[in-house]
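**Q** Just so you know, the sequences run in chain order C and P.
Numbering (our numbering) for the first sequence: 37 to 360.
Numbering (our numbering) for the second sequence: 12 to 682.
One structure, as structure tokens, below. Some questions next.
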Amino acid sequence: MSTDAAPSDPSSTSVASTGRLEQTNPDYDPNIVIETQNLTKIYRDFWGRQKVRALNALDLEVRKGEIFGLLGPNGSGKSTTIKLLLGLLFPTSGRAVVLGENATNVAKNERIGYLPEESYLYKFLNAEETLDFYGRLFDMPAKVRRERVQELIEQVGLGKAKRRQLKEYSKGMTRRIGLAQALINDPELILLDEPTSGLDPLGTREMKDMILKLRDEGKTIVMCSHLLADVQDVCDRVAILFQGDLKEMGRVDSLLKVSGETQIRAQNLPESAHAEIRKIIEQHGGTNVAVENPTTTLEELFLGIVRDSEARPGMRSAPADKSS
Amino acid sequence: MVREEFPHFLEWFGPGILLFLGVLVVGTILGLFVGYLVSAFRHGPFEAFYVVSQVLAEAVPDFFRTSPRRVMAMAGLAVKEAMRRRVVLVTFVIFALAILFGGWFMDNGSEKPEQIYINFVLWGTQMLVLLMGLLISAFSLPEDIKNKTIYTVVTKPVRSTEIVLGRILGFGFLGTVLLMLMGLISFFFIWRNLDHQHMIEGPTQTVAEFVNVDANTKKSTISGKRVSANAIAEAVTTENNGHSHRLEIFEDIRDAEAEPPKTDDIVETINGDDGKVTYHRARCMPVGGHTHQVTVSGTGSSATITLGPAIGYFRARQPIYCESLMFYDRTGAKSEKGTNIGKEWGRRGFVDGGSQGVRSTLSKAEFSFTNFEPSRFPKANFAPLEVNLGVYRSTKGNIEERVTGGLQFESVPENPDVDNRYISEVVEFETAEYTVQTLPVPKKLVGRIVAPDGSLVEEGEYDLFSDFAGSNGKLNLSLSCRDVNQYLGCARSDVYFRGKDQSFWWNFFKGYVGIWCQMMIIIAMGVALSTFLSTPLVMLGVIAIMIVGFNTSFIQNLAKVDAQGNLLNEYGGGPISSFVRILTQQNVMQDLETGVFNTLIEKADYLAINSMMLLTYLAPDFGQLNFSNYLVYGFAVDDQQMLIAVAVTLAFLLGLVLCGYFCLKTREIAK
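Here it is as structure tokens:
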């Protein structure tokens, strides 16, 4: 691949602010951000005996600009996949290519942001020092670094706590500073390991909004989670893993589509109309499953209450609000 | 202080760099081989080849893309992390406590109190700093891996070199600051504890306190010992810092035309009728290697005497050693090691004093000096020669007399076939064993000029520098034994001219450079080992290497073998055969019974001995990096040796960074 591609070219890998490295893989397809082939990871003991097969022959493709979810119960291989993609683990067999580079090549990290499951950060640093430190690791000049640090602190809403040591932070604040460090280099690809874990519903919503916003900015996001609702809310495509095997992969909407059923949603329909609708269904040979008022999700209810409380402090939420 | 090596940096550098490259190449090949084996075990032989070549292919760009900003970021983090662990603080507190209360246990009245103080601070600093270096380096990376904080670092474009180098530099910086602080405090500690003043014992601080010396016996009424030959009165000072001094008023008789002494110690000036002037001067007699400056104000018995601060504690003697030493036996034939006098014949070579039958002996030790120039000496009118000789008496002789030695100076012409030689008369001196004698060699020496054919050209008095050392600055000094049946022993370090002293504090700093070198190697070793070992194993490993490093010469001596592979220095064979002898209670002088068992033991010993030898090459020789003895004995640290120490340290740092890089790069961080 040409190394002097124009900045407007989407296949170009050069980013001025961080002085990133040039793409070296001639087979690099800029629309395929992550590609794994037969990726397998077997954990062994000291004597080389197999302990567990954490990932089995995973074939995966993540495309540019999408939110890709890795879904599965604990121990299904989600985190192992992320670690293999980051080069934190070496594959037993198969290969993983990230942004056109071998996953073990450090150079690829120039264009990657990573939020680990527990936001493993240095607790003795404050938010500014943390982001400044990670900015230095991207070889960012001091001026660029200062601006970027302030911008990110504001973006994740830690302006008032930026001088406090991370050991004093709550779980939510730690996740936020963790996300900020993952974004310090304005990455093309963001890998999020359980991004909503430990967050309250409000924090979860903010995190999901942030993920969607990043996608809208053209970034590719890979997240792994076992919280199905989160994945459903934000992911464009998902891969479902179980005991190291890929069980299902595709677009969320098409995977969730129940082809044998039809859903009708209407507002201000009187109770008498329900009987009529049932009758029509029977006339067409259909089986009536349910004609009733839908319920909202608990998340929606909770967020509604919080928003209402913020708007009218001290007042109990009006029951009418719940139906919205 | 015994010096056996006189290295020159430039001469050392060539073979040194070859050895370094050799170790590097062997280490790399060995590392690749082990890496291939491990990889082949995991992935199969073909895939392993690919993995190893990939690591190698990525290593080169990794080194070239090492970013100073990232290294500094890692270093800054290492500093903050180490400060948070409070190891540095605890080290400093221990040091401060030792300094605060250490003075209680020091004997200021001992013979050389400065040696005790310097030894104490240097040893204490060395141990504390090395321990601190070990602790902060051993905990850092394993803790980062355990806490998984390293995940957020290695997922950035950070090379393993930067992680390793950053940590070494960060901890090194912290250690350097601590070392500087400790050095500064030590300086004040030594200075404050040794600095003292005395008063004259008695109600007045005047000459009236002095009592006359018995002119016949010349014995002190204070100490009962002989006083100086020209002493006329004496007094004693108050006891301070565990000692008191004897003061003397002595006569300094000079010609009336001669320049008077340019000192403030003149008590009285008496103009004689014989054209001579007698100056009565006061002096403070040295105790424990130091004295005090005497200042006299007024004249006669009412003259007030004031003693200044201590002089002589803080020295950095600059010895000018010869370039080569050659012995000649009694027939005049060259001999590398001098006359063999039996068991004592070791470090020193011996010069034969001849026998009753053959009184004339040509046996001598010839010291060849180069760059013998007056600018290297403190005073232009003489060159102080310091000798520390061993005496071997084959007969008791006159027990009240010391063995006499002879010194003879000789020029070394560039072209001996054409140029004349200056040869001095033999200057005799009484030898003193077990101590360093100072023999001031006057600038003017009586001697002769000899033509290349051996004929006498001229006799007279010639200049040591301009005639003997001549234009080429070369001078030969021959030491002979003037007593029959006696032998004088000397090594290269036993006879030297004493040049201008170096500043003590500069020398003190150089002593700390040695500790700094040791600290940096320990830190680098701790960081390199922590890339693949857990904290306890790192500490164990580094301590093991330290033990080998501090005892390199001992281990090398133990493992020294002859051409046939037999141990040279120890009886009873190698470690395993010695152990077998202990178990079976066999005599160390007897060979073990021949047989399969013995052969097995011998082979195992051979392996063990060679492993020990290999260890001494891999572990740094801390003795080479330790300049404490120079400071303790008041010698200037050899600049050449210091340069070598710094080069050795850099070589170890480079090697350990490489080792750390490959270990970290090939390690699965998240496993």
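The beta carbon of each residue, even a glycine, is placed where N, CA and C say it ideally should be.
Fair warning: this is a prediction, and the values are worked out from it, not measured in the lab.
Straight-line CA distance for Arg200(C) to Pro26(P)?
**A** Taking the first residue of the first sequence as 1, we reach residue 200(C) at position 164. Taking the first residue of the second sequence as 1, we reach residue 26(P) at position 15. Cα-Cα distance, rounded: 55 Å.
**Q** Please specify which runs of the beta strand (DSSP E), each continuous and at least 3 residues long, are wholly inside the segment 457 to 542 of chain P, giving them in chain order.
**A** The segment 457 to 542 of chain P contains these whole beta strand (DSSP E) runs: 467 to 474, 486 to 492, 497 to 501 and 506 to 510.
**Q** Looking at the unbroken beta strand (DSSP E) that takes in Met600(P), where does it start and where does it end?
**A** The count along the second sequence starts at 1 and reaches residue 600(P) at position 589. Careful: Met600(P) lies outside any beta strand (DSSP E) and carries neither H nor E.
**Q** Compute the beta-carbon to beta-carbon distance between Phe221(P) and Glu250(P), rounded to the nearest angstrom, for a pair I have assumed lies under 8 Å.
**A** Residue mapping note: residue 221(P) aligns to position 210 of the second sequence, counting from 1. Residue mapping note: residue 250(P) aligns to position 239 of the second sequence, counting from 1. At roughly 18 Å, the Cβ-Cβ gap does not stay under 8 Å, so Phe221(P) and Glu250(P) are not in contact.
**Q** For Leu219(C) versus Leu188(C), is the C-beta distance shorter than 8 Å?
**A** Here residue 219(C) corresponds to residue number 183 of the first sequence, with the count starting at 1. Here residue 188(C) corresponds to residue number 152 of the first sequence, with the count starting at 1. Their beta carbons are under 8 Å apart, which means Leu219(C) touches Leu188(C) by this criterion.
**Q** The beta strand (DSSP E) spanning His303(P) covers which residue range?
**A** As a first step, residue 303(P) is located in the second sequence; it is residue number 292 there, counting from the start. Run containing His303(P): Thr302 to Ser308, per the beta strand (DSSP E) assignment.
**Q** Looking only at its chain, what residues have a beta carbon closer than 7 Å to the beta carbon of Thr270(C), apart from the 5 residues adjacent to it on each side?
**A** Counting from one through the first sequence, the residue named residue 270(C) turns up at place 234. Residue identity check: residue 270(C) is Val in the sequence provided, not Thr. For Val270(C), where only same-chain residues beyond five positions count, the Cβ hits under 7 Å are Ile103, Lys244, Ile247 and Leu248.
**Q** Report the residue from Gly186(P), Pro330(P), Asp266(P) and Asp340(P) whose alpha carbon sits nearest the alpha carbon of Thr102(P).
**A** As a first step, residue 102(P) is located in the second sequence; it is residue number 91 there, counting from the start. Nearest option by C-alpha distance: Gly186(P).
**Q** Comparing the C-beta of Gly108(C) with each C-beta of chain P, is any distance below 8 Å?
**A** In the first sequence, residue 108(C) corresponds to position 72, counting from 1. No, Gly108(C) does not count as interfacial toward chain P.
**Q** Which residues in chain P sit within 9 Å of Asn145(C), going by Cβ to Cβ distance?
**A** Here residue 145(C) refers to the residue found at position 109 of the first sequence. Under the 9 Å cutoff, chain P gives Val165, Thr166, Lys167, Pro168 and Val169.
**Q** What three-state label does DSSP hand Tyr672(P) in the structure shown?
**A** Within the second sequence, residue 672(P) is the residue found at index 661, counting from 1. Reduced to three states, the DSSP call for Tyr672(P) is helix.
**Q** Could you work out which residue in Gly113(P), Ser489(P) and Leu176(P) is closest to Asn204(P) when comparing CA atoms only?
**A** Counting from 1 along the second sequence, the entry for residue 204(P) is found at position 193. It is Gly113(P).
**Q** In chain order, what residues of the same chain lie with their CB nearer than 8 Å to the CB of Tyr582(P), ignoring the 5 residues before and after it?
**A** Translated into the one-based positions of the second sequence, residue 582(P) becomes position 571. These residues qualify, in order along the chain: Val599 and Met600.
**Q** Here's the rule: buried if 16 or more other CB atoms are within 10 angstroms of the residue's CB, otherwise exposed. What is Ile201(P)?
**A** The sequence position of residue 201(P) within the second sequence is 190, counting from 1. Buried, by the Cβ-count rule.
**Q** Interface residues of chain P around Ile369(C) at Cβ under 9 Å?
**A** Only positions 37 to 360 of chain C appear in this structure, which leaves residue 369(C) out of reach.
**Q** Relative to the alpha-carbon of Leu194(C), which residue among Glu346(C), Ala163(C) and Asp175(C) has its alpha-carbon at the smallest distance?
**A** As a working note, residue 194(C) is residue 158 in the first sequence. If we check each option's Cα against that of Leu194(C), Ala163(C) comes out closest.
**Q** Identify which residue in Asn431(P), Met296(P) and Ala293(P) has its Cα closest to the Cα of Ile460(P).
**A** Numbered from its first residue, the second sequence carries residue 460(P) at position 449. Nearest of Asn431(P), Met296(P) and Ala293(P) to Ile460(P), Cα basis: Asn431(P).
**Q** Since Thr125(C) and Lys157(P) are thought to touch, with beta carbons under 8 Å apart, how far apart are those beta carbons, to the nearest angstrom?
**A** Reading the first sequence from its first residue, position 89 is the one you call residue 125(C). Reading the second sequence from its first residue, position 146 is the one you call residue 157(P). Strictly speaking, residue 125(C) in this sequence is Leu, with Thr absent from that position. Between Lys157(P) and Leu125(C) the Cβ distance is about 17 Å, and since that is not below 8 Å, they are no contact.
**Q** Would you kindly work out how many angstroms separate the C-alpha atoms of Thr315(P) and Ser308(P), rounded to a whole number?
**A** Against the second sequence, residue 315(P) aligns to sequence position 304. Against the second sequence, residue 308(P) aligns to sequence position 297. Between Thr315(P) and Ser308(P), the C-alpha separation is close to 5 Å.
**Q** Just the Cα atoms here: how many angstroms apart are Ser378(P) and Arg503(P)?
**A** Counting from one through the second sequence, the residue named residue 378(P) turns up at place 367. Counting from one through the second sequence, the residue named residue 503(P) turns up at place 492. The question names Ser, but residue 378(P) is Phe in the sequence shown. Whole-angstrom Cα-Cα distance: 8 Å.
**Q** Among the residues of its own chain, which have a CB less than 6 Å from the CB of Val247(P), if the five just before and after it don't count?
**A** For the purposes of this step, residue 247(P) is identified with residue 236 of the second sequence, where counting begins at 1. Same-chain partners within the cutoff: Glu212, Ile233, Ser255 and Arg257.
**Q** Just checking: is the beta-carbon of Asn141(C) within a distance shorter than 8 Å of some beta-carbon in chain B?
**A** Among the protein chains of the structure shown, namely C and P, there is no chain B.
**Q** Do Lys348(P) and Gly365(P) have their C-beta atoms within less than 8 Å of each other?
**A** Here residue 348(P) refers to the residue found at position 337 when the second sequence is read from its first residue. Here residue 365(P) refers to the residue found at position 354 when the second sequence is read from its first residue. Against a cut-off of 8 Å, the Cβ pair of Gly365(P) and Lys348(P) comes out as no contact.
**Q** In chain order, what residues of the same chain have a beta carbon less than 8 Å from the beta carbon of Lys203(C), not counting five sequence neighbours either side?
**A** Residue 203(C) sits at position 167 when you count from the first residue of the first sequence. Answer for Lys203(C): Lys159 and Phe160, listed in chain order.
**Q** Is it true that the segment 110 to 125 of chain P meets the segment 498 to 514 of chain P, where meeting means three or more beta-carbon pairs spaced less than 8 Å apart?
**A** The segment 110 to 125 of chain P vs the segment 498 to 514 of chain P: no contact.
**Q** If you run the structure through DSSP and keep just helix, strand and coil, what is Val549(P)?
**A** Taking the first residue of the second sequence as 1, we reach residue 549(P) at position 538. Helix.
**Q** For a contact meaning CB atoms closer than 7 Å, what does Arg184(C) contact in chain P?
**A** Position 148 of the first sequence, counted from the start, is the residue given in the question as residue 184(C). Neighbours of Arg184(C) on chain P: none; closest Cβ ~14 Å, over 7 Å.
**Q** If the criterion is Cβ atoms closer than 8 Å, does the pair Phe476(P) and Glu412(P) meet it?
**A** Within the second sequence, numbered from 1, the residue matching residue 476(P) stands at position 465. Within the second sequence, numbered from 1, the residue matching residue 412(P) stands at position 401. Not closer than 8 Å, so no.
**Q** Rounded to the nearest angstrom, what separates Asp428(P) and Tyr507(P) at their Cα positions?
**A** The count along the second sequence starts at 1 and reaches residue 428(P) at position 417. The count along the second sequence starts at 1 and reaches residue 507(P) at position 496. About 29 Å.
**Q** Would you be able to state if there are at least three C-beta pairs under 8 Å between the segment 89 to 96 of chain P and the segment 176 to 193 of chain P?
**A** Because the criterion of three Cβ pairs below 8 Å is met, the segment 176 to 193 of chain P and the segment 89 to 96 of chain P touch.
**Q** Just to confirm the assignment, what range does the alpha helix (DSSP H) spanning Thr116(C) have?
**A** Locating residue 116(C) in the first sequence gives position 80, counting from the first residue. Counting along the chain, the alpha helix (DSSP H) containing Thr116(C) begins and ends at Lys114 to Leu122.
**Q** Comparing C-alpha positions only, which one of Arg509(P), Ser121(P) and Leu318(P) sits nearest to Lys390(P)?
**A** The residue labelled residue 390(P) in the question sits at position 379 within the second sequence. Among Arg509(P), Ser121(P) and Leu318(P), the Cα nearest to that of Lys390(P) is on Arg509(P).
**Q** Of the choices Ser466(P), Leu456(P) and Asn487(P), whose alpha-carbon is the least far from that of Asp474(P)?
**A** One-based indexing of the second sequence puts residue 474(P) at position 463. Checking every option, the nearest Cα to that of Asp474(P) belongs to Leu456(P).
**Q** Check Leu228(C) in the structure and name its three-state DSSP category.
**A** Walking along the first sequence from the start, residue 228(C) turns up at place 192. Strand at Leu228(C).
**Q** Using only the alpha-carbon positions, how far apart do Val99(P) and Gln137(P) sit?
**A** Along the second sequence, read from residue 1 onward, the residue named residue 99(P) stands at position 88. Along the second sequence, read from residue 1 onward, the residue named residue 137(P) stands at position 126. Answer to the nearest angstrom: the Cα atoms are 14 Å apart.
**Q** Give me the chain C residues within the contact set of Glu613(P), using Cβ-Cβ distance strictly less than 8 Å, ordered along the chain.
**A** Taking the second sequence and counting its residues from 1, the one referred to as residue 613(P) is at position 602. Within 8 Å Cβ-Cβ: nothing; Glu613(P) doesn't reach chain C, min ~34 Å.
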